[in-house]
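There are 2 protein chains.
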Amino acid sequence: MAIIVKKFGGSSVSTIPKLKNIAKQILIEKNSKNNILIVLSAMGDTTDKLVVMSNKASKSPNPKDYDMLLSTGEQISVSLLSMILNDLGIEATSLTGWQAGIRTDSANMAARISNIDTKRIKLEFSKSRIVVVAGFQGIDSQKNITTLGRGGSDTTAVALAAALKAKECQIFTDVDGVYTTDPRICSKARKLEVLTYEEMLEMSGLGSKVLQLRSVEFASKYNVPLRVLHAHQEGSGTLIKKEEKKMEGALISGIAFTKDEAEVMIKGVKDEPGVAAKILGPIGEANIEIDMIVQNVGSNGLADFTFTVSRNTLKKALQVIDKKKKIMMYESVSSKSNIVKVSLVGVGMRSHAGIASKMFKCLAKNKVNIRMISTSEIKISVVIDQKNLEIAVQALHNEFKLEKK
Amino acid sequence: MAIIVKKFGGSSVSTIPKLKNIAKQILIEKNSKNNILIVLSAMGDTTDKLVVMSNKASKSPNPKDYDMLLSTGEQISVSLLSMILNDLGIEATSLTGWQAGIRTDSANMAARISNIDTKRIKLEFSKSRIVVVAGFQGIDSQKNITTLGRGGSDTTAVALAAALKAKECQIFTDVDGVYTTDPRICSKARKLEVLTYEEMLEMSGLGSKVLQLRSVEFASKYNVPLRVLHAHQEGSGTLIKKEEKKMEGALISGIAFTKDEAEVMIKGVKDEPGVAAKILGPIGEANIEIDMIVQNVGSNGLADFTFTVSRNTLKKALQVIDKKKKIMMYESVSSKSNIVKVSLVGVGMRSHAGIASKMFKCLAKNKVNIRMISTSEIKISVVIDQKNLEIAVQALHNEFKLEKK
């Protein structure tokens, strides 16, 4: 019998009526004869409430105790869903992470799954039971409870799907799939039926927060087909899988963008080995994440160095740069915060030349000035003024005919 | 090093400031060099809230899921207390029931502890850590989470104290000890310094709800000294331990009473073997608990049968008796609900004659009419009119000089 893993996130399980709704869907699907494994997040704001309690108890909570505390959120949601399923006459068993055999390292608050012992789950399947597993948690070799950090429930679902060789790992969310771009920005945005892992990675890294990066990487590594679906609406969602030859037809899959970027320009630094490290080192040490980096070499042996950071870390970044002027040895610094990054994503790019120039021409025709450019194998990103975001996305969506299949 | 087990109930840990208060007490005691193990209940009304959630999910929740749900309450309180202790620089580890090695049978919602594997706790002690264990829960042989039912955290504390051969098991409550009688009824009531297990069983069975019967029985079986203390006040509380020779001095330890009793009189039943079963059988089957039973044999071959039940089950008991008249074969039934039971408790009774007659004389002198009498080895109980409760308790307290040590 095939195994299907279904993961429901916090907003899909925030109330008991929502849990009952999920149980009804399962009741219908039960006839399909698949073995069903459900992974749940904590209900709605449960985790937030636990974090508030922990902050009241301690300014810097002991990580082991913190994981012990937070893991109760998922334990509550799985026990309630299992109760509801059993009430409907569907035999179900709720399991914590450790009961489901999820072993992790000891990095509390951000543990990594080391292996999964599927014995207990298989035993429950052999009794024709639906298994409801608490996401986001596991147990280390000393039998301490651990949590997997942000997006942990998605990781749990994908890891279980991989370990059980599941046919599909379905991620239920509050959207009905992955779109060519944000429908709020471009009304012609179209739901994608299929996408490769790589494309999804570029899309999600750029602001399409449908799936956590880590779970997509995990799915790609173990070749687990992922499907993004709406938790409370019908539909086939978007399937994310390994690249296949027939998929090459699609040149561009979508347009991603991030709105919370800021640009820092450091002018007149020495053009010599080690200068990038001198500038970026202190910024990284201050826990400021750098996104795009561009370096222009000038004619007088001096270079200009431009990079983007998250808008809310701009002030801190400028403070670091000011403080480290003697080490960085630059002539001047300037910054701009009302900028955005727009990216074309598509595996087709690899085998098709001219995508970049088509993109730049399109933007020029629409009077959108490009401030920075950065490219990867399946992505071209440009930094533009924030005021041009909508016009750029809509123009590119039209230019690459993304509204058509 | 000696081991001290400390158990704090729900009302003692209902808020984070209360948990911080407990941590401060532990900080002071840490210098005593004892190994300290703390058992906690869930915070305040947490368990009630979880029960409400479960009722919304299912009318008759699956017991396994129910235990999975309820066990989160204690997991939350232990993780928070451990965080607070670690914050104060006291190394502490929070453990769930299963992590603490508490193995139970599979009777979900009312499991019994079968054995305790103390390996993990001893490992933590060897690292000079304070261990904070979730009460009320364990794990069965299939690794399913179980809960111990009412008073489960007291049972956890006593069982751990027994398994670890602890010097003392301290039960922290919202009273500062066990009193000779209820101070609200008799102002001369005195806190007892020491009491035997048997006396405590009779006292708690009769309305002194300081300790759960089951945990006293458990402590008695494994000879674990129990101490009842106030959670947030200083004092030495009341020690409950095995009877010792020198304790014989105390004739009477205390006066217990229950106010929620009702009396049922069944007159004119055949005085023949099996009649008690005929009458009490159907009442027991209706899940009505019977407390005192008195049978008087008449001269005409007929007997009168009187017993007491909890006041809130009286109506149901009378319905059963009416329905089963043909089987019970009685002449008439009457009942009285405004009655109370008052009991003298003391191990000294066994070696001293005349206690009963002294009690009855005292009540007669105070014009208190006795409706029923029942005796055990260390207890004499009388049923009287509710209006006489205070006068009876005060008169007996004076008569037996309970205000003096």
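These protein sequences, in sequence, are chains G and W. Under the working numbering, the first residue of the first sequence carries the number 1, and numbering increases by one thereafter. Under the working numbering, the first residue of the second sequence carries the number 1001, and numbering increases by one thereafter. The C-beta atom is built at its ideal place from N, Cα and C for all residues, glycine as well.
Fill in: Neighbouring residues, chain G, relative to W/M1068 (Cβ below 8 Å)
Along the second sequence, one-based indexing puts residue 1068 of chain W at 68. Neighbours of W/M1068 in chain G, taken as residues whose beta carbon is under 8 Å from its own, are Q75, V78, S79, S82, S94 and T96 in chain order.
Discussion item. If you follow the alpha helix (DSSP H) that W/V1052 is in, where does it begin and where does it stop?
Written reply: Counting from one through the second sequence, the residue named residue 1052 of chain W turns up at place 52. For W/V1052, the enclosing alpha helix (DSSP H) stretches over residues T1046 to A1057.
Worksheet item: So which residues of chain W does G/T72 contact, with C-beta pairs closer than 7 Å?
Response: Here residue 72 of chain G is taken as the residue at index 72 of the first sequence, counted from 1. Per Cβ cutoff of 7 Å: T1072, Q1075 and I1076.
Item to complete: Kindly list, in the order they appear in chain W, the residues whose Cβ is closer than 8 Å to that of G/I16.
Response: Within the first sequence, the letter at position 16 stands for residue 16 of chain G. Within 8 Å Cβ-Cβ: M1053, K1056 and A1057.
Discussion item. Let's test the definition: count the other Cβ atoms within 10 Å of the Cβ of W/G1101 and tell me whether it reaches 16, buried, or not, exposed.
Written reply: Translated into positions along the second sequence, residue 1101 of chain W becomes position 101. The residue in question, W/G1101, is buried, as its Cβ has 16 or more Cβ neighbours within 10 Å.
Worksheet item: Candidates G/A317, G/V294 and G/L302: which alpha carbon is nearest G/G408's?
Response: Any property of residue 408 of chain G remains undetermined from this structure, which presents chain G solely from 1 to 405.
Practice prompt. Report yes or no: do three or more beta-carbon pairs, one from the region 30-49 of chain G and one from the region 8-19 of chain G, lie closer than 8 Å?
Written response: Touching, yes.
Practice prompt. Name the residue from G/I384, G/V347 and G/F218 whose alpha carbon lies nearest to the alpha carbon of G/E244.
Written response: If you number the first sequence from 1, residue 244 of chain G lands on position 244. Of the candidates G/I384, G/V347 and G/F218, the one whose C-alpha sits nearest the C-alpha of G/E244 is G/V347.
Practice prompt. Note down, one range per segment and in chain order, each alpha helix (DSSP H) of at least 4 residues found wholly within the region 1222-1251 of chain W.
Written response: Listed in chain order, there is nothing to give.
Practice prompt. Please state whether DSSP places G/K405 in a helix, a strand or coil.
Written response: As a position in the first sequence, residue 405 of chain G is number 405, starting the count at 1. G/K405: coil per DSSP, three-state reduction.
Worksheet item: How would you label G/K59, buried or exposed, when you count the other beta carbons within 10 angstroms and need 16 or more for buried?
Response: The count along the first sequence starts at 1 and reaches residue 59 of chain G at position 59. Taking all protein chains in view, the Cβ of G/K59 is surrounded by fewer than 16 other Cβ atoms within 10 Å, so the residue is classified as exposed.
Worksheet entry | Neighbour flag for G/R103 against chain W, beta carbons, 9 Å | Taking the first sequence and counting its residues from 1, the one referred to as residue 103 of chain G is at position 103. False, the Cβ-Cβ gap to chain W never drops below 9 Å.
Worksheet entry | Distance, W/S1351 Cα to W/E1248 Cα | In the second sequence, residue 1248 of chain W corresponds to position 248, counting from 1. In the second sequence, residue 1351 of chain W corresponds to position 351, counting from 1. Low confidence applies to W/E1248: its pLDDT is 49, below 50, so where it sits in the model is not reliable enough to give any reading.
Worksheet entry | Residue-chain proximity (W/R1190, chain G), Cβ-Cβ < 9 Å | Within the second sequence, residue 1190 of chain W is the residue found at index 190, counting from 1. No, no contact with chain G.
Worksheet entry | Best match in W/Y1197, W/V1224, W/D1176 and W/L1080 for proximity to W/I1003 [C-alpha to C-alpha] | Stepping through the second sequence from its first residue, residue 1003 of chain W is reached at position 3. Of the candidates W/Y1197, W/V1224, W/D1176 and W/L1080, the one whose C-alpha sits nearest the C-alpha of W/I1003 is W/V1224.
Worksheet item: Can you find a C-beta in chain G that's less than 9 Å from the C-beta of W/N1287?
Response: Taking the second sequence and counting its residues from 1, the one referred to as residue 1287 of chain W is at position 287. No, its Cβ sits nowhere closer than 9 Å to a Cβ of chain G.
Item to complete: Give a yes or no on whether the minimum CB-CB distance between G/Q99 and chain W is below 9 Å.
Response: Looking up residue 99 of chain G in the first sequence gives position 99. So yes, G/Q99 belongs to the interface.
Fill in: C-alpha gap between W/G1177 and W/S1014, whole angstroms
For the purposes of this step, residue 1177 of chain W is taken as residue 177 along the second sequence, with counting starting at 1. For the purposes of this step, residue 1014 of chain W is taken as residue 14 along the second sequence, with counting starting at 1. Cα to Cα, the separation comes out at about 20 Å.
Practice prompt. Could you please give the first and the last residue of the uninterrupted beta strand (DSSP E) stretch that includes W/S1082?
Written response: Reading the second sequence from its first residue, position 82 is the one you call residue 1082 of chain W. Premise fails: W/S1082 lies in the alpha helix (DSSP H), P1063 to D1087, not in any beta strand (DSSP E).
Worksheet item: So who's on the other strand from W/E1168, going by DSSP bridges?
Response: The sequence position of residue 1168 of chain W within the second sequence is 168, counting from 1. Beta-bridge partners of W/E1168 (DSSP): W/I1004.
Item to complete: Provide the residue(s) that pair with G/Q137 in DSSP beta bridges, ordered along the chain.
Response: Locating residue 137 of chain G in the first sequence gives position 137, counting from the first residue. Beta-bridge pairing links G/Q137 to G/T147.
Item to complete: Taking only beta-carbon positions, decide if G/S60 is within less than 9 Å of chain W.
Response: Your numbering for residue 60 of chain G matches position 60 in the first sequence. Interface residue, yes.
Worksheet item: Cβ atoms of W/A1134 and W/E1074: under 9 Å apart, would you say?
Response: Mapped onto the second sequence, residue 1074 of chain W falls at position 74. Mapped onto the second sequence, residue 1134 of chain W falls at position 134. Yes. Within cutoff.
Item to complete: Pick helix, strand or coil for G/F360, following the three-state DSSP scheme.
Response: Here the question's residue 360 of chain G lines up with position 360 in the first sequence. Assigned with DSSP and collapsed to three states, G/F360 falls in helix.
Worksheet item: Can you find a C-beta in chain W that's less than 9 Å from the C-beta of G/L160?
Response: Position 160 of the first sequence holds residue 160 of chain G. With 9 Å as the cut-off, G/L160 does not count as an interface residue toward chain W.
Worksheet item: Near G/I355, which residues of its chain fall below 6 Å by C-beta distance, leaving aside the five closest residues on each side in sequence?
Response: The residue labelled residue 355 of chain G in the question sits at position 355 within the first sequence. For G/I355, where only same-chain residues beyond five positions count, the Cβ hits under 6 Å are M349.
Item to complete: Look at the alpha carbon of W/K1221 and the alpha carbon of W/Y1197, and state the distance between them as a whole number of angstroms.
Response: As a position in the second sequence, residue 1221 of chain W is number 221, starting the count at 1. As a position in the second sequence, residue 1197 of chain W is number 197, starting the count at 1. For W/K1221 and W/Y1197, the distance between alpha carbons rounds to 9 Å.
Item to complete: In the DSSP assignment, find the alpha helix (DSSP H) that holds G/F125 and state where it starts and stops.
Response: For the purposes of this step, residue 125 of chain G is taken as residue 125 along the first sequence, with counting starting at 1. That run of the alpha helix (DSSP H) goes K119 to S126.
Fill in: Residue environment, W/A1163, which counts as buried when at least 16 other CB atoms sit within 10 Å
On the second sequence, position 163 is the one that residue 1163 of chain W refers to. Buried is the call here.
Discussion item. I'd like to check one pair, G/L344 with G/K379: are the Cβ atoms closer than 9 Å?
Written reply: Reading the first sequence from its first residue, position 379 is the one you call residue 379 of chain G. Reading the first sequence from its first residue, position 344 is the one you call residue 344 of chain G. In this structure, G/L344 lies closer than 9 Å to G/K379 by Cβ.
Practice prompt. Answer yes or no: does any C-beta atom of chain G fall closer than 9 Å to that of W/I1380?
Written response: Against the second sequence, residue 1380 of chain W aligns to sequence position 380. False, the Cβ-Cβ gap to chain G never drops below 9 Å.
Worksheet item: From the beta carbon of W/N1035, is the nearest beta carbon of chain G less than 9 Å away?
Response: On the second sequence, position 35 is the one that residue 1035 of chain W refers to. With a threshold of 9 Å between beta carbons, W/N1035 makes no contact with chain G.
Worksheet item: Taking the C-alpha atoms as reference points, what is the distance between G/E377 and G/E199?
Response: In the first sequence, counting from the first residue as 1, residue 377 of chain G sits at position 377. In the first sequence, counting from the first residue as 1, residue 199 of chain G sits at position 199. Using only the alpha carbons, I get a separation of about 10 Å.
Fill in: Close-in-space but distant-in-sequence residues of the same chain around G/L27 (CB under 7 Å, 5 per side omitted)
As a working mapping, residue 27 of chain G is identified with position 27 in the first sequence. Shown here for G/L27: same chain residues with a beta carbon closer than 7 Å to its own, the five before and five after excluded, namely L88 and I90 in chain order.
Item to complete: Run the proximity test for G/G73: is its beta-carbon closer than 8 Å to any non-hydrogen atom belonging to the ligand PLP?
Response: Summarising the ligand content, the structure contains no ligands, and the ligand PLP is consequently not present.
Fill in: chain W within 9 Å of G/K127, Cβ atoms only
Residue mapping note: residue 127 of chain G aligns to position 127 of the first sequence, counting from 1. Look at G/K127: its C-beta is not under 9 Å from any C-beta on chain W.
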